[in-house]
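The structure appears below as structure tokens.
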Amino acid sequence: MKKYKYSECFLSIQGEGKYTGVPSVFLRFWGCNFTCEGFKCDTEYSWHKDYNHMLKRASAGELMCEIEKLCPAFTETYHLVITGGEPMLSQSAFVEILYLLEKNGNLPSYVTIETNGTQMPRLAAAESISDVRELLWSVSPKLSISGENWINAIQPDVVAAYAEISKCGQLKYVVDGSAKCWDEVEIATQAFRDAGVEFPVWIMPVGATTEQLSQNQEQICIDTVTRGYNFSPRAHAWIFGDKPGT
739 MKKYKYSECF LSIQGEGKYT GVPSVFLRFW GCNFTCEGFK CDTEYSWHKD
789 YNHMLKRASA GELMCEIEKL CPAFTETYHL VITGGEPMLS QSAFVEILYL
839 LEKNGNLPSY VTIETNGTQM PRLAAAESIS DVRELLWSVS PKLSISGENW
889 INAIQPDVVA AYAEISKCGQ LKYVVDGSAK CWDEVEIATQ AFRDAGVEFP
939 VWIMPVGATT EQLSQNQEQI CIDTVTRGYN FSPRAHAWIF GDKPGT
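Each residue of the sequence shown is one higher than the last, beginning at 739 in the numbering used here.
The structure is reproduced here in structure tokens:
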């Protein structure tokens, strides 16, 4: 029986973007193709070797049971967030999990996939979510403040392939408020628009702790509204701090 790598499965609220405040079951897969050393990844514990003690392995059936245990009273608002790390590196895992949930009569009505937008979707992944009422692609393209190479990080063709599967999505940028960062938001967004991606833009201030967020979020919020974008607080960070399971 195949075992899949993951770091945690938990019930919390969605802290970012469109579904901020909505009760959600999170399944965080292990592994990522980026390190984001420029602003320090806030989920290093889902991929870095220093956190190998947090690496878990489970079959799709075991992970299905974890999800069902966390949300035993399934309702129309049952929301599953598939995250990481980079969950699109684990497509075969969530395809199997969604299949088993459907077979068990517990397929979520709403699924969010939180991705950096660099991994092409496979056909099986597209087919596995066809019965989900809504699939939200929560794409967080990495700007230069992340420390990642622009050519590797900004992949309009990949995100366009996501949009072919579901038109419901969001482009969620982390910014530091600098003029360079705002310029990159515009350049990247135009590249996605040119590829046919019409996902709305959400802006988040850089930082994973309340201390970091309080330094710049007020001005970033003002600039976000002025520029006509949506602002996303990191609600989970304000409520719970920077820790796993939230």
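Glycine is no exception: its CB is placed at the ideal position from the N, C-alpha and C atoms.
- Ranked by Cα distance from L749, the options L839, P761, M802, S882 are led by P761.
- In the DSSP secondary-structure assignment, F777 is not bridged to any residue.
- Taken through DSSP and simplified to helix, strand or coil, R931 comes out as helix.
- For P761, the pairing in a beta bridge is given by DSSP as I751.
- The three-state secondary structure of N968, taken from DSSP, is strand.
- In the displayed model, S878 falls within coil according to three-state DSSP, outside both helix and strand.
- Pairwise C-beta distances place the stretch 926-939 in contact with the stretch 898-908, as three or more of them are shorter than 8 Å.
- A contact between stretches requires three or more CB pairs, one per stretch, nearer than 8 Å, and the stretch 793-808 fails this requirement with the stretch 861-868.
- Listed in chain order, the alpha helix (DSSP H) runs fully inside the stretch 852-928 are 861-866, 888-891, 894-903, counting runs of at least 4 residues.
- Following the DSSP letters along the chain, one finds H817 inside the beta strand (DSSP E) bounded by residues 817-821.
- Across the structure, S876 and V897 are spaced so that their CA atoms are roughly 10 Å apart.
- Between C774 and G823, the beta carbon gap of about 11 Å keeps them out of contact (Cβ cut-off 8 Å).
- Here the stretch 784-797 makes contact with the stretch 739-747; the two share three or more CB pairs at distances below 8 Å.
- I892 is not a Cβ neighbour of A933, given a cutoff of 7 Å.
- If you look at K807, you'll find it in the alpha helix (DSSP H) that goes 798-808.
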